[in-house]
Amino acid sequence: MGEGCTTETQFVVQCLRAGIHDSSLETTDFESVDWDGVLDGATRHTVSPLVYEALQDVTDQAESALETGPGCKTGQTTETTMEAPQVPTEVLETFRERSQFVARRNLRLLGAVANLSSTLQSEGIRAIPYRGPVIASHLYGDVGCREFRDVDVLVAREDIPAIKSILEGLGFEPVYLDDSVTELTPTQEWAYRRVEREYTFYRERDDLEVELHWRVLSRHFPTEFDLECLWDRRSTTTVAGTEVPVFSPEDRLLACCIHGSRHRWERLHWSYDVAVALENQPVDWDAILERAQRHDCRRLFLLGLAVTDWLYDVSVPDRVRRQIATDQTLEGLLAAVEDRLFTDRPYREFEERRFQARTLDRTRDRVAFWANWLFKPNRSDVEAIALPRPLAPLYGVVRPVRIATGALCNGVRTSDHPQAEGR
Numbered sequence: 009m010g011e012g013c014t015t016e017t018q019f020v021v022q023c024l025r026a027g028i029h030d031s032s033l034e035t036t037d038f039e040s041v042d043w044d045g046v047l048d049g050a051t052r053h054t055v056s057p058l059v060y061e062a063l064q065d066v067t068d069q070a071e072s073a074l075e076t077g078p079g080c081k082t083g084q085t086t087e088t089t090m091e092a093p094q095v096p097t098e099v100l101e102t103f104r105e106r107s108q109f110v111a112r113r114n115l116r117l118l119g120a121v122a123n124l125s126s127t128l129q130s131e132g133i134r135a136i137p138y139r140g141p142v143i144a145s146h147l148y149g150d151v152g153c154r155e156f157r158d159v160d161v162l163v164a165r166e167d168i169p170a171i172k173s174i175l176e177g178l179g180f181e182p183v184y185l186d187d188s189v190t191e192l193t194p195t196q197e198w199a200y201r202r203v204e205r206e207y208t209f210y211r212e213r214d215d216l217e218v219e220l221h222w223r224v225l226s227r228h229f230p231t232e233f234d235l236e237c238l239w240d241r242r243s244t245t246t247v248a249g250t251e252v253p254v255f256s257p258e259d260r261l262l263a264c265c266i267h268g269s270r271h272r273w274e275r276l277h278w279s280y281d282v283a284v285a286l287e288n289q290p291v292d293w294d295a296i297l298e299r300a301q302r303h304d305c306r307r308l309f310l311l312g313l314a315v316t317d318w319l320y321d322v323s324v325p326d327r328v329r330r331q332i333a334t335d336q337t338l339e340g341l342l343a344a345v346e347d348r349l350f351t352d353r354p355y356r357e358f359e360e361r362r363f364q365a366r367t368l369d370r371t372r373d374r375v376a377f378w379a380n381w382l383f384k385p386n387r388s389d390v391e392a393i394a395l396p397r398p399l400a401p402l403y404g405v406v407r408p409v410r411i412a413t414g415a416l417c418n419g420v421r422t423s424d425h426p427q428a429e430g431r
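Rendered as structure tokens:
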């Protein structure tokens with residue numbers, strides 16, 4: 009695998025492969041494994057329950073072999089069965105405790121999804137919960153298998169004021185990038201909804217975070233993947249006894265690929281979502297390829313498939329593999345993913361933006377991407393300065409000034425997006 013991929017991270021990937029293909033771990037030499045490294049890797053990539061499942065399967069098989077070795081009566085052992093691979097008890101216990109914690113938290117968040125969806129439906133507000141809780145329940149079939157820490161809901165931008173009022177009535181408060189900001193002015197609220205794609209709310213009493221999205225991707229990308237184009241294709245699932253709208257299988261797979269590609273596939277659980285979708289549900293490939301083309305996210309989608317196939321050897325049609333092979337840019341993008349996947353080295357924001365620009369299909373989209381990033385304000389620009397409504401267009405001037413100042417003060421940062429959006 010890529011630079012920086014240790015034996016322990018390869019072991020984590022082996023565990024995930026075993027889960028995808030419903031097989032046992034290939035590794036039998038557990039004595040040489042650095043278990044602290046495995047624990048760190050599973051935690052970093054938020055896949056601890058999946059690794060625990062693979063390790064528990066090995067342990068169960070070893071115990072079964074010890075009890076009933078080939079050709080032996082129950083209770084007898086042989087030299088062969090005594091050599092069955094063993095996972096240290098303390099390692100299994102650590103993973104078990106982590107998995108139980110994840111399951112308890114996920115059940116609480118699923119309840120929040122059901123309650124919020126029911127509340128919004130009763131108010132006549134369209135909303136589709138997606139990512140974390142819904143993927144765990146609808147795609148994995150086991151709420152304890154998928155780690156997530158918040159609730160993401162796709163809504164219409166014009167409904168944000170009404171939903172904000174509902175959430176505040178439920179005890180939530182807005183979360184801002186600038187800790188010194190406690191409230192936005194009406195002009196900032198107006199500008200915020202036009203330059204951003206999400207609004208975060210937090211409720212302290214139960215440590216619950218809800219993110220309202222009115223676009224799946226930021227406006228820097230040409231992809232118009234919003235509620236209007238997804239609502240008529242939605243399906244439903246039952247969450248905590250409540251009928252909840254969800255993405256169609258094709259839209260879910262497309263959204264998973266878009267999200268992971270935007271973040272350079274820096275967390276294994278994103279690619280595992282794609283692998284589970286490919287292996288556990290039928291895919292209308294004609295429909296999804298047409299949508300990827302229509303929504304200007306073909307390369308984002310194909311990159312997601314390429315990364316997932318590289319890691320897990322999943323089922324991808326030959327015609328799709330040919331499209332991946334003939335896109336020369338994808339080869340470089342995949343190499344960049346391999347280079348970053350298993351390392352935490354700091355990198356410049358420009359490096360991240362350059363990668364994102366290369367995922368776009370057309371030259372004009374890449375030019376627009378850079379122009380938007382350089383000159384159009386974002387949420388931090390809006391939070392930084394409270395302008396009166398007549399001067400709101402000047403937020404476009406604030407942006408390049410703040411970029412120049414930031415570049416002079418600190419051009420290097422640690423990759424924090426995956427942790428901020430590690431669902």
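The working numbering applies: residue 9 is where the sequence shown begins, and numbers increase by one. Each residue gets a CB set at the ideal place from its N, CA and C atoms; glycine is no exception. Remember, it's a predicted structure, so these values are computed and weren't measured experimentally.
**Request:** Buried or exposed for isoleucine 296, please, with buried defined as at least 16 other CB atoms from any protein chain shown within 10 angstroms of its CB.
**Result:** Position 288 of the sequence shown, counted from the start, is the residue given in the question as residue 296. Answer is buried; the Cβ neighbour count reaches 16.
**Item:** Closest Cα partner of glutamate 251 within the set Arg348, Arg227, Val121
**Value:** Reading the sequence shown from its first residue, position 243 is the one you call residue 251. That would be Val121, whose Cα lies nearest to the Cα of glutamate 251.
**Asked** Among Ala164, Phe350, Asp369, Trp381, which residue has its Cα nearest to the Cα of glutamate 360?
**Response** Counting from 1 along the sequence shown, the entry for residue 360 is found at position 352. Ranking Ala164, Phe350, Asp369, Trp381 by Cα distance to glutamate 360 puts Trp381 first.
**Message:** With three or more C-beta pairs closer than 8 angstroms as the rule, is the stretch 309-317 touching the stretch 229-248?
**Reply:** no
**Request:** Please name the residue in Val46, Arg116, Ala135 whose C-alpha comes closest to that of serine 125.
**Result:** Your numbering for residue 125 matches position 117 in the sequence shown. Closest option to serine 125, Cα to Cα, is Ala135.
**Asked** Quick one: Cα of threonine 367 to Cα of arginine 307, how far?
**Response** The count along the sequence shown starts at 1 and reaches residue 367 at position 359. The count along the sequence shown starts at 1 and reaches residue 307 at position 299. Rounded to the nearest angstrom, the two C-alpha atoms are 6 angstroms apart.
**Message:** To the nearest angstrom, how far is the alpha carbon of leucine 63 from that of tyrosine 138?
**Reply:** As a working note, residue 63 is residue 55 in the sequence shown. As a working note, residue 138 is residue 130 in the sequence shown. Distance between the alpha carbons of leucine 63 and tyrosine 138: 29 angstroms.
**Request:** Select from Gln364, Leu338, His53, Gly49 the residue whose C-alpha is nearest the C-alpha of arginine 227.
**Result:** Position 219 of the sequence shown holds residue 227. Looking at the Cα atoms, Gln364 is the closest of the given residues.
**Message:** Going by DSSP, what residue range makes up the alpha helix (DSSP H) through phenylalanine 180?
**Reply:** The residue labelled residue 180 in the question sits at position 172 within the sequence shown. Element bounds for phenylalanine 180: n/a, residue is neither H nor E.
**Message:** Assuming the contact rule is C-beta atoms closer than 8 angstroms, valine 284 and glycine 268 should be a hit. Round their C-beta distance to whole Å, please.
**Reply:** In the sequence shown, the residue the question calls residue 284 occupies position 276. In the sequence shown, the residue the question calls residue 268 occupies position 260. The Cβ separation is near 13 angstroms, so there is no contact.
**Prompt:** Closest by CA to alanine 376, which one among Pro230, Asp326, Gln196?
**Reply:** In the sequence shown, residue 376 corresponds to position 368, counting from 1. The shortest Cα separation from alanine 376 among Pro230, Asp326, Gln196 belongs to Pro230.
**Asked** Which same chain residues, not among the five before or five after glutamate 206, have their C-beta less than 6 angstroms away from its C-beta?
**Response** Indexing the sequence shown from 1 puts residue 206 at position 198. Same-chain partners within the cutoff: Glu219, His221.
**Prompt:** Can you tell which of Pro169, Arg260, Asn114, Tyr210 has its C-alpha closest to the C-alpha of valine 247?
**Reply:** Within the sequence shown, the letter at position 239 stands for residue 247. Of the listed residues, the one whose Cα sits closest to valine 247 is Asn114.
**Request:** At 4 residues or longer, and completely inside the stretch 95-167: list those alpha helix (DSSP H) runs for me, N to C.
**Result:** 97-130
**Prompt:** Taking all protein chains shown into account, do 16 or more other C-beta atoms lie within 10 angstroms of the C-beta of valine 203, making it buried, or fewer, making it exposed?
**Reply:** Within the sequence shown, the letter at position 195 stands for residue 203. Valine 203 should be labelled buried.
**Message:** Taking contact to mean 3 or more Cβ pairs, one atom from each stretch, closer than 8 angstroms, check whether the stretch 319-328 and the stretch 166-182 are in contact.
**Reply:** No, the stretch 319-328 is not in contact with the stretch 166-182.
**Rounded separation between arginine 112 and leucine 286 - CA only** = As a working mapping, residue 112 is identified with position 104 in the sequence shown. As a working mapping, residue 286 is identified with position 278 in the sequence shown. Cα to Cα, the separation comes out at about 27 angstroms.
**Request:** Report whether the distance from the Cβ of glutamate 181 to the nearest heavy atom of the ligand HEM is below 7 angstroms.
**Result:** Absence of the ligand HEM from the depicted structure is noted, as is the absence of any ligand whatsoever, leaving it without description.
**Prompt:** Got a sec? Which residues, its chain only, sit under 6 angstroms from glycine 119 by beta carbon, not counting five neighbours each side?
**Reply:** On the sequence shown, residue 119 is found 111 positions in, with the first residue counted as 1. Within the same chain, glycine 119 has close Cβ partners Ala248.
**Whole-angstrom C-beta distance between isoleucine 174 and glutamate 217, which should lie under 8 angstroms** = Against the sequence shown, residue 217 aligns to sequence position 209. Against the sequence shown, residue 174 aligns to sequence position 166. Wrong, their Cβ atoms sit about 16 angstroms apart, outside the cutoff.
**Message:** Using 8 angstroms as the threshold, is the C-beta distance between threonine 54 and glutamate 155 below it?
**Reply:** Position 46 of the sequence shown, counting from 1, holds the residue named residue 54. Position 147 of the sequence shown, counting from 1, holds the residue named residue 155. Going by C-beta atoms, threonine 54 is nearer than 8 angstroms to glutamate 155.
**Asked** What residue does the beta strand (DSSP E) around valine 218 start on, and which one ends it?
**Response** Taking the sequence shown and counting its residues from 1, the one referred to as residue 218 is at position 210. It spans 216-221 - the beta strand (DSSP E) in which valine 218 sits, taken as one unbroken run.
**Request:** Alpha carbon to alpha carbon, how far is leucine 310 from cysteine 265? Give it in angstroms, no decimals.
**Result:** Here the question's residue 265 lines up with position 257 in the sequence shown. Here the question's residue 310 lines up with position 302 in the sequence shown. Near 8 angstroms, if we compare the C-alpha coordinates of leucine 310 and cysteine 265.
**Asked** Once you ignore the five residues that flank proline 96 on each side, which residues in its own chain have a CB closer than 7 angstroms to its CB?
**Response** Translated into positions along the sequence shown, residue 96 becomes position 88. Taken in chain order, the residues that qualify are Trp43.
**Request:** Report yes if the C-beta distance between valine 59 and leucine 33 is below 8 angstroms; otherwise report no.
**Result:** Counted from its first residue, the sequence shown places residue 59 at position 51. Counted from its first residue, the sequence shown places residue 33 at position 25. Result no, Cβ atoms of valine 59 and leucine 33 do not sit closer than 8 angstroms.
**Prompt:** So cysteine 153 and proline 57 are in contact, right, with Cβ under 8 angstroms, and what is the actual spacing, rounded?
**Reply:** Taking the first residue of the sequence shown as 1, we reach residue 153 at position 145. Taking the first residue of the sequence shown as 1, we reach residue 57 at position 49. So it is a contact: roughly 5 angstroms between Cβ atoms.
**Prompt:** If you drop the 5 nearest sequence neighbours on each side, which residues of the same chain put their C-beta closer than 7 angstroms to that of isoleucine 143?
**Reply:** Within the sequence shown, the letter at position 135 stands for residue 143. Only Arg154, Asp281 meet the Cβ criterion.
**Item:** Option nearest cysteine 237 by Cα separation, candidates Ala170, Arg374, Leu162
**Value:** If you number the sequence shown from 1, residue 237 lands on position 229. The shortest C-alpha separation from cysteine 237 is found at Leu162.
**Prompt:** By the 10 Å Cβ neighbour count, where 16 or more other Cβ atoms means buried, how is asparagine 288 classified, buried or exposed?
**Reply:** Your numbering for residue 288 matches position 280 in the sequence shown. Burial call: exposed.
**Asked** If you run the structure through DSSP and keep just helix, strand and coil, what is valine 41?
**Response** Taking the sequence shown and counting its residues from 1, the one referred to as residue 41 is at position 33. Note: valine 41 maps to coil in three-state DSSP.
**Item:** C-alpha gap between cysteine 23 and tryptophan 293, whole angstroms
**Value:** Locating residue 23 in the sequence shown gives position 15, counting from the first residue. Locating residue 293 in the sequence shown gives position 285, counting from the first residue. Per the coordinates, the alpha-carbon of cysteine 23 lies some 28 angstroms from the alpha-carbon of tryptophan 293.
**Prompt:** To the nearest angstrom, how far is it from the Cα of histidine 29 to the Cα of proline 194?
**Reply:** The residue labelled residue 29 in the question sits at position 21 within the sequence shown. The residue labelled residue 194 in the question sits at position 186 within the sequence shown. Roughly 53 angstroms between the two C-alpha positions.
**Prompt:** How many Å lie between glycine 177 and glutamine 196 at the Cα?
**Reply:** Counting from one through the sequence shown, the residue named residue 177 turns up at place 169. Counting from one through the sequence shown, the residue named residue 196 turns up at place 188. Computed Cα separation, rounded: 21 angstroms.
**Prompt:** In three-state DSSP terms, what is arginine 366?
**Reply:** Mapped onto the sequence shown, residue 366 falls at position 358. Helix, per DSSP.
**C-alpha distance - threonine 14 paired with valine 46, whole-angstrom precision** = Start at 1 with the first residue of the sequence shown, and residue 14 comes out as number 6. Start at 1 with the first residue of the sequence shown, and residue 46 comes out as number 38. For threonine 14 and valine 46, the distance between alpha carbons rounds to 10 angstroms.
**Request:** Measure the beta-carbon distance from isoleucine 332 to leucine 341 and round it to whole angstroms, keeping in mind my assumption that it falls under 8 angstroms.
**Result:** On the sequence shown, residue 332 is found 324 positions in, with the first residue counted as 1. On the sequence shown, residue 341 is found 333 positions in, with the first residue counted as 1. So it is not a contact: roughly 10 angstroms between Cβ atoms.
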